[in-house]
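Trainee:
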Ligand SMILES: [Fe+2]
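Residue numbers (this note's numbering): 2 to 215.
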């Protein structure tokens, strides 16, 4: 169902943050469309139980802006947020989520309607600032071609959330945002590039794993 329109000002801080620091390309989603797309909140992780996405602590400022936006405008329960940046999703039904999702697009673009390809609501929807709440796991949908800068947010609930994931928070410390998983601050640990470390000798195994030899 189409929701009331959201004022443009609600998206300004998100646009500024995404322009200053675009999303990383998500190499796992290449087959599902073109562009940049990352998930925040609780996500399914390959071979591990679902938990907070690394994006939450890699981009704590962006995650805080998403939480602030949700607190004001997203009236459905959700566990997870996908942020798309110039991402043209090919025809698909969502997988791994349950119930209604909240979808809204913003930015300076033309075209880019969301097309629902089946069901009672079949048709093209201009979702720029005008959210759509729908169970996208039951309806084939796609993004039509667009020109300009198109962003979208999807708030949804994933299946099979394990017990015991503590609540998260984002605190401002010394002018920087820090993501806390419960009481534990999370930060991106920088890996040293083996190639530039003269002290050690490295050898690449057939499994593409760096092994250290002293
Ligand atoms: Fe989708």
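Backbone N, C-alpha and C fix where the C-beta goes; we use that ideal spot for every residue, glycine too.
Nothing here was measured: the structure is a model prediction, and the numbers come from that model.
In chain order, what are the residues with a CB under 6 Å from some non-hydrogen atom of ligand 1?
Mentor: Qualifying residues come out as 90, 93, 95, 137, 142.
Trainee: For the pair the region 155 to 163 and the region 68 to 82, tell me if three or more CB-CB distances fall below 8 Å.
Mentor: Cβ pair count under 8 Å is three or more, so yes.
Trainee: Tell me, to the nearest whole angstrom, how far the beta carbon of residue 228 is from that of residue 182; I am working on the premise that it is less than 8 Å.
Mentor: What is shown of the chain runs 2 to 215, which leaves residue 228 out entirely.
Trainee: For residue 212, name the three-state secondary structure that DSSP assigns.
Mentor: The pLDDT assigned to residue 212 is 43, lower than 50, so where the model puts this residue is not dependable, and the model offers no usable value.
Trainee: Hey, how far is the Cα of residue 84 from the Cα of residue 15?
Mentor: About 10 Å.
Trainee: Helix, strand or coil: which one does DSSP assign to residue 186?
Mentor: The answer is strand: DSSP assigns residue 186 an E or B state.
Trainee: From this set, 42, 97, 55, which residue's C-alpha is nearest residue 71's C-alpha?
Mentor: It is 42 whose Cα lies nearest to the Cα of residue 71.
Trainee: What does the Cβ neighbour count give for residue 8, buried or exposed, with the cut at 16 atoms within 10 Å?
Mentor: Residue 8 comes out exposed.
Trainee: May I ask you to report which of helix, strand or coil DSSP gives residue 145?
Mentor: Coil, per DSSP.
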